[in-house]
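Counting in our numbering, the final residue of the sequence shown is number 255, and the numbers go up one at a time with none missing.
Glycine is no exception: its CB is placed at the ideal position from the N, C-alpha and C atoms.
This one's a predicted model, so the numbers in the text were calculated from it and none came from an experiment.
The next block holds one structure in the form of structure tokens; read it before the comments.
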Amino acid sequence: MRRNLVFVFLQVVLLISIQAAEVTVAVASNFSLPMRKIAAQFEVESGHKVRLSFGSTGALYAQIKNGGPFHLLIAADQEAPARLEKEGLGIAGTRFTYAQGRLVLWSRQAGLVDKEGEILTTGQFQKLALANPKLAPYGLAAMETLRSLSLTKQLKPKLVQGENISQAYQFVETENAQIGFVAMSQVFSEGKLLKGSAWIVPPQLYSPIHQDAILLLAGQKNSAATELMRYLKTDQAKSVMSAYGYSHRIQ
């Protein structure tokens, strides 16, 4: 009887190992915190392994174009996934908008950033951090905000650019910049500011940050990749996104 139980156990382990797969995901930096939680949940529920690689959407797009070993792209915009689909590197019909992001002006210092963002006009700071607008959608949104407020020329000498939104956040976190434009997901959780002070930038000051995901050519026959794409549309994944300030426009 014991030998039979051991045999059954080994068969189950073998079946799980055969069914389990690994998926490598290129993830826009702004989505790093929620994606880590979503990936952990997905691994527990599916048995698959998720490997995450973070960067600006522009840099990730370039890596994919140059043969980067990714199965999925979870971008911070719609343009990069659409280009990959057009170029045959993304699977047609798999692209969808998983969330809409929010831009925040943030400081590690409590009380420095007021609730109306007036600090931008008073100029009581030395450096203003933002992501590279040529590579990162949140950087582009930051520049659009400054243009909407007619502050581009005035604040240009104070701007310091990070390659992506994570680097912009680090500039402010280390106080190499007193304030900076970051993603809401980096500094808010469950609707509460984690530390410092912040102004949630009114959405009418910048173009909507619609964020798309797409299954890449390398992931077409990867079961973990296709299952993770479906998982991003589930209530469990949406709940994590909502906790970090994302709204949903699932198509």
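- Taking the Cα positions, Thr125 is about 23 Å away from Ile169.
- Here Gly249 has Arg106, Met188, Ser189 and Phe192 as same chain residues with Cβ atoms under 6 Å from its own Cβ, once five neighbours each way along the sequence are excluded.
- The beta carbon of His214 is closer than 6 Å to those of Gln82, Thr101 and Gln104 in its chain, skipping five residues each way along the sequence.
- Positions of the beta strand (DSSP E) runs, each at least 3 residues long and wholly inside the segment 101-167, are given as 107-111, 132-135 and 163-166 in order along the chain.
- Here DSSP, grouped into helix, strand and coil, assigns Val176 to helix.
- DSSP lists Thr101 as the beta-bridge partner residues of Asp216.
- Runs of the beta strand (DSSP E) lying entirely within the segment 60-101, each at least 3 residues long, are 76-78 in chain order.
- Within the same chain, no Cβ atom closer than 6 Å to the Cβ of Ala44 is found once the five residues on either side in sequence are excluded.
- Rounded to whole angstroms, the separation of the alpha carbons of Asp239 and Ala222 is 27 Å.
- The segment 51-68 makes no contact with the segment 178-186; the number of CB pairs closer than 8 Å stays below 3.
- DSSP lists Thr28 as the beta-bridge partner residues of Arg55.
- In this chain, Ser211 is not harboured by any beta strand (DSSP E), its DSSP state being neither H nor E.
- A Cβ-Cβ distance of about 5 Å is found for the pair Asn34 and Ala80, placing them in contact under the 8 Å criterion.
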